[in-house]
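In our numbering, the protein residues as written are 431 to 544.
We treat Cβ as the ideally placed atom computed from N, Cα and C, and that holds for glycine.
No experiment lies behind these values; they were computed from the predicted model shown.
Here's the structure, in structure tokens; my notes come after.
The following block contains the structure:
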């Protein structure tokens, strides 16, 4: 949000004791417990304060990064290979390329083959 619309929104929300603040973020990274990371580049970030609670809203395109040295499990490789009708080696490469996302790897292989 920019300019007048943001000012108008802030003014309206201030009456409800809600404070909005734009955060000038270049990159936002969310690290998951399994080691994967959601990395947002040039996102729109809004900090909202309501009754002592702070909430960040992040909007924008992101990439999912797998942890260094990621290696798909044999179980995942077999599942992708059987669902996509490809060799286990092709399935393994697709899983690595798609950062371990089973559905994306299967869809990628099905589209590639069709």
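At the C-beta level, residue 528 and residue 535 come within 8 angstroms of one another. Residue 494 and residue 512 have their C-alpha atoms spaced approximately 25 angstroms apart. Comparing alpha-carbon positions, the option among 503, 451, 446, 465 lying closest to residue 474 turns out to be 451. Per DSSP, the unbroken alpha helix (DSSP H) holding residue 508 starts and ends at 504-514. Closest option to residue 478, judged by alpha-carbon separation, among 501, 453, 519: 453.
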